[in-house]
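Trainee: Be aware that the sequence shown starts at 7, since it is given in this note's numbering, and climbs by one per residue. We treat Cβ as the ideally placed atom computed from N, Cα and C, and that holds for glycine.
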Amino acid sequence: ASGTAVRIGDVLEQMRGAAKTSFEIAVHPGRLRPLNVPRSAGDASTLKELTGWRPTRTLTDLVGALLEY
Numbered sequence: 007a008s009g010t011a012v013r014i015g016d017v018l019e020q021m022r023g024a025a026k027t028s029f030e031i032a033v034h035p036g037r038l039r040p041l042n043v044p045r046s047a048g049d050a051s052t053l054k055e056l057t058g059w060r061p062t063r064t065l066t067d068l069v070g071a072l073l074e075y
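1) Using a Cβ-Cβ cutoff of less than 7 Å, which residues in the same chain neighbour residue 46 once the five nearest sequence positions on both sides are dropped?
2) Does the Cβ-Cβ distance between residue 24 and residue 72 come in under 7 Å?
3) By the three-class DSSP mapping on this structure, what secondary structure does residue 28 have?
4) By the three-class DSSP mapping on this structure, what secondary structure does residue 8 have?
5) Assign residue 33 to buried or exposed, taking buried as 16 or more other Cβ atoms, counted over all protein chains shown, within 10 Å of its Cβ.
6) Compute the beta-carbon to beta-carbon distance between residue 8 and residue 48, rounded to the nearest angstrom, for a pair I have assumed lies under 8 Å.
If you want it as structure tokens, here you go:
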């Protein structure tokens, strides 16, 4: 919850760049939902204020950890 919105396509491209194996992304038109939330970003400001928590990993770190898992 960095407060900064990131396009899912950009996350997929990060995954593609970090992956050890190439892969294709296929969109199944029948599974698409109408766009009812044009933009969404997490906000951890209350958590930060109440606990002093700060993120220690970047999105790139998380993508790498996900692929490693």
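Mentor: The short version:
1) 11
2) no
3) coil
4) strand
5) exposed
6) 7 Å
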